[in-house]
Amino acid sequence: MSGVSSILKKRMEFVAELKNHFPSLECLDSAADREHWGRDWTRFHTPAPCAAVFPRTSDEVSQILKFCSEKGQAVVPSGGLTGLGGGAVATGGELVVNLSKLSRIEPVDRAAGTVRVGAGAITKKIQDSAREAGLYWPIDLASAGSSQIGGNIATNAGGLHVIRYGHVRRWIQSLEVVLMSGEKLELNGDLDKNNTGYDLRNIFIGSEGTLGMVTAATLKLCEAPRELKTFLWALPSLKTGIDVLGELRSRSLMIHSYEVLSNNCFELVHKCQGFAKPFSKAAPYYLVFEVDTFGAADVSETLEKWMESCFERGVVEEAFMASSPADARSFWAWRENITESLSQTAKVYKNDLAVPLREIADFAAKLEKQAGAWFGEDRLFLFGHLGDGSLHVNLAKPDSMELGEFRALCEKHNHELFALVQTHKGSIAAEHGIGLLKREFLHYSKSPGEIRLMRSLKTVFDPLGLMNPGKLLAPGR
Ligand code: 2HG
Ligand code: ZN
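Numbering (my numbering), first residue to last: 268 to 744.
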């Protein structure tokens, strides 16, 4: 028997044993199912799990992991399949453990301002539950309709409101996790105050499912924004966007979001979605931002006067403040439709970078020059969360190029790009994580000492190396 067929035979035997051992567990192993459940939104790896299972309780997760440990079977945790780093992709015969069925959202504890949720709870449904209780779940992502809290926690997701509320990490009171051995742990209890040494909860947040599986969490909720004013501005330069942010902050205005898109993105959304352009001429960048006035007349007045003074001082030439919810929605539509329009147009290689705010204008100018030359200026799409110093760099594949060649070239160019990020003291992954896509490049953002300690941590939590292997840390170094 050839090596390949003996591997396939072993996988089939494992799945048969699994089905036998857990007769009531949903287990999908047709070719189509394995392809579907073995991937996320990235499209650069070939999914090849042995099967996908859908446990209904954390006890069941624990039993499955214990069983896999005994058999030496690797697993990949998965949820809404919306990841952008390949963290939930199974390429090597792993068992996909999909946590979608752990979707319970318990009643909100209003006095504590918290809610207990299963890992499979959908982000949008958590937002709705919080709102119904008069509270607010501040994490908002383009994928909110399908992404799940377990994945949001595993990647320490960011999104549109980081400038005001920070990443997911800030809003996790406690976590239930299951280790590869099957051991179940509750990290931090139901406490806000708990200074008792190492905070293991925070080690799991952002660990991309490499240490254990998050099966439930208690989330902290907060007060909802009161009255948001929405703006759409044409920027003469990215530097203006940073100056304007400084002006807002120095007036003690509560910025709720602060997003930017390049003219290429603006033109693309115009072409793909057919939106009418509100500006008389093109600008290099556009800004969409929101300020919370808290319903206070004096704050609205400050904002209006400040905007007038921006025109008078020539900071901007064309800028709008929404005068109705419909206006606000139409402003947001320019930002929210970029990813979708890009995926309609071409295969896209994504990078998600952060640099300190004071560096971002200079960084972006060099990046435009450098990356613009790779496949042509019209193939470079820059947008992101300017207020957080975070830029999404999307490169669209030229029609004539093979996908494999395109990917190889993008990975080659990554070295140049990440060296630039390093020079500007930035990060190669602002919010999407490392996963499979960037593991070879981790050293651009983490020192050898940090990587050594990360590897040691991995061994402590997962001594057999069966939990989401090959993600975040490249094998064998
Ligand atoms: C966003 O900010 C998401 O819209 C997706 O992080 C970014 O498509 C992308 O590159
Ligand atoms: Zn983003």
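Don't be surprised by glycine CBs; every beta carbon is placed ideally from N, CA and C.
Heavy atom of ligand 1 within 7 Å of residue i beta-carbon
| i | result |
| --- | --- |
| Thr612 | no |
| Asn661 | yes |
| Asp459 | no |
| Gly508 | no |
| Asp655 | no |
| Asp619 | yes |
| Ala411 | no |
| Thr606 | yes |
First and last residue of the uninterrupted alpha helix (DSSP H) at residue i
| i | result |
| --- | --- |
| Asn236 | Any question about residue 236 goes unanswered here, given that the chain covers just 268 to 744. |
| Lys276 | Gly270 to His288 |
| Ser329 | Ser325 to Lys338 |
| Ser345 | First-last for Ser345: Val342 to Ser345, but that is the beta strand (DSSP E), not the alpha helix (DSSP H). |
| His428 | Where His428 is concerned, there is no enclosing alpha helix (DSSP H), given that its DSSP letter is neither H nor E. |
| Ala298 | Ala298 to Trp304 |
| Leu662 | Per DSSP, Leu662 belongs to no alpha helix (DSSP H); it is in the beta strand (DSSP E), Ser657 to Ala663. |
| Gln611 | Ile605 to Thr612 |
| Leu751 | Given that the chain is displayed from residue 268 to residue 744, the structure contains no residue 751 and the question cannot be resolved. |
| Pro742 | Element bounds for Pro742: n/a, residue is neither H nor E. |
| Pro715 | Pro715 to Phe728 |
| Phe642 | Ile627 to Phe642 |
Terminal residues of the beta strand (DSSP E) in which residue i lies
| i | result |
| --- | --- |
| Glu361 | Note, Glu361: premise wrong, no beta strand (DSSP E); not H, not E. |
| Glu669 | Glu669 -> no beta strand (DSSP E), and no H or E assigned at all. |
| Leu578 | It is Phe, not Leu, that sits at residue 578 in the sequence shown. That residue, Phe578, is in no beta strand (DSSP E); its alpha helix (DSSP H) goes Ala564 to Glu579. |
| Leu647 | Leu647 to His652 |
| Asp451 | Note that residue 451 corresponds to Lys in the displayed sequence, not to Asp. Lys451 to Leu454 is the extent of the beta strand (DSSP E) around Lys451. |
| Val320 | Ala318 to Val320 |
Identity of the residues DSSP links to residue i by a beta bridge
| i | result |
| --- | --- |
| Met588 | Phe498 |
| Ala696 | Asp619 |
| Tyr553 | Ala501 and Leu528 |
| Ala483 | Gly385 and Glu443 |
| Val558 | Lys496 and Ile522 |
| Tyr403 | Cys489 |
| Ile372 | Val384 |
| Cys294 | Val320 |
| Gln415 | Ile389 |
| Asn365 | Ser345 |
Residue i CB to nearest heavy atom of ligand 2 below 7 Å
| i | result |
| --- | --- |
| His680 | no |
| His303 | no |
| His803 | Residue 803 is absent from the structure shown; the chain starts at 268 and stops at 744. |
| His652 | yes |
| Glu571 | no |
| Glu557 | no |
| Arg698 | Note that residue 698 corresponds to Glu in the displayed sequence, not to Arg. Glu698: yes, Cβ under 7 Å from ligand 2. |
| Gly418 | no |
| Gly702 | no |
| Gly425 | yes |
Cβ-based neighbour list, residue i, same chain, cut-off 8 Å, excluding 5 preceding and 5 following
| i | result |
| --- | --- |
| Lys692 | Val622, Pro623 and Glu626 |
| His312 | Arg306, Gly353, Val356, Thr358 and Leu703 |
| Ala424 | Ile406, Leu408, Ser414, Gly418, His434, Val435 and Glu698 |
| Lys338 | Phe281 and Glu284 |
| Ser504 | Pro551, Tyr552 and Ala628 |
| Cys335 | Ala341, Val342, Leu362, Met447 and Leu733 |
Beta-carbon proximity list for residue i, same chain, < 6 Å, skipping 5 on both sides
| i | result |
| --- | --- |
| Gly262 | Absent from the model: residue 262. The displayed extent of the chain is 268 to 744, so no value can be given. |
| Leu772 | A query on residue 772 cannot be resolved here, the shown segment of the chain reaching from 268 to 744 and no further. |
| His659 | Asp619, Phe650 and Gly651 |
| Ala397 | Tyr403, Trp404 and Leu488 |
| Phe251 | Residue 251 is absent from the model: the chain starts at 268 and stops at 744. |
| Pro665 | Phe642 |
Other residues of its chain near residue i: CB distance less than 7 Å, five sequence neighbours each side excluded
| i | result |
| --- | --- |
| Asp300 | Ala319 |
| His537 | Lys544 |
| Lys217 | Since the first residue shown for the chain is 268 and the last is 744, residue 217 is missing from the structure and cannot be characterised. |
Cβ-heavy atom distance, residue i to ligand 3, below 7 Å
| i | result |
| --- | --- |
| Gly352 | Ligand 3 is not part of the structure shown, which contains ligand 1 and ligand 2 as its ligands. |
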